[in-house]
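Let me begin by presenting the structure, written as structure tokens, before commenting on it.
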């Protein structure tokens with residue numbers, strides 16, 4: 011049995027005194043620096059509403075911080091690490107709510123690549139105690155683990171922005187569309203967009219998050235229907251029957 015992991019180390023980079031009127035938690039990608047997100051904080055939170063917290067992933071691969079190993083190269087380790095990271099983030103949200111006095115209804119978690127995938131895990135998981143109001147992911151994918159316990163009632167109506175890239179080398183765009191359609195089927199209030207870029211955290215995606223964030227925080231945002239998802243059949247493809255929906 012793996013020894014318990016320590017609490018996640020965090021930096022507070024926006025409203026460091028905790029006086030923002032909302033809480034934004036930014037999750038870096040696989041072996042990616044947090045600066046890919048924090049350098050764009052002026053685009054992600056242009057109105058500076060948020061106390062912004064940046065945790066560092068608890069695992070390491072080849073000297074770089076990761077949330078979990080890649081599913082295709084180390085599936086069992088990836089599942090174990092995903093579950094552990096999700097648990098640690100759940101605990102972290104509980105501590106942050108207590109520390110800053112921010113209700114979960116004013117908490118958004120988002121990230122790049124597998125960081126955005128963990129943000130989706132917090133929204134979807136049936137086993138999360140501290141569920142944020144919404145989230146976003148750039149070049150991210152829903153949890154890709156067989157048997158993941160997803161709660162339709164918990165996910166329903168929660169806003170999420172998913173920005174996929176048509177030249178993402180980690181997955182074809184058809185897989186991204188299949189994941190997005192699965193989120194819609196789960197009842198997530200999904201805003202889905204595509205860029206012509208590659209697997210990178212871009213200014214274009216950060217601006218889209220900044221446009222979406224105020225509505226996600228105050229409950230006035232509406233999911234943006236996407237023509238890219240028209241005709242996508244969730245009964246086929248990677249996510250078909252993958253989760254244990256409760």
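Numbering (this note's numbering), first residue to last: 11 to 256.
Where is the CB? At the ideal position from N, CA and C, for every residue including glycine.
Source: prediction; values computed, not measured.
- Residues of the same chain with a CB within less than 6 Å of the CB of residue 138, apart from the 5 flanking positions on each side, are 100 and 132 in chain order.
- As the crow flies, the alpha-carbon of residue 160 is around 10 Å from that of residue 130.
- As for any alpha helix (DSSP H) of minimum length 4 sitting wholly inside the region 153–177, the runs are 162–165, ordered along the chain.
- Taking a contact as a CB-CB distance under 8 Å, the pair residue 65 and residue 114 does not count as one, their CB atoms being some 17 Å apart.
- Residue range 85–110 is occupied by the alpha helix (DSSP H) that includes residue 93.
- Taking the CA atoms as reference points, residue 166 sits about 4 Å from residue 197.
- Annotation for residue 228: the continuous alpha helix (DSSP H) segment containing it runs 213–228.
- Following the DSSP letters along the chain, one finds residue 194 inside the alpha helix (DSSP H) bounded by residues 183–195.
- For residue 244, no beta strand (DSSP E) segment is defined, and its DSSP state is neither H nor E.
- Excluding sequence positions up to five before and after residue 71, its CB lies within less than 7 Å of the CB of 41 and 79, all in the same chain and listed in chain order.
- Sixteen is the threshold: when 16 or more other Cβ atoms of the shown chains lie within 10 Å of the Cβ of residue 124, as they do, the residue is buried.
- For residue 33, the enclosing beta strand (DSSP E) starts and ends at 32–37.
- Annotated three-state conformation of residue 139 is coil, per DSSP.
- Residue range 74–76 is occupied by the beta strand (DSSP E) that includes residue 75.
- In this structure residue 75 is buried. Its beta-carbon is surrounded by 16 or more other beta-carbon atoms within 10 angstroms.
- From the listed residues 47, 23 and 31, the smallest Cα separation to residue 147 is found for 47.
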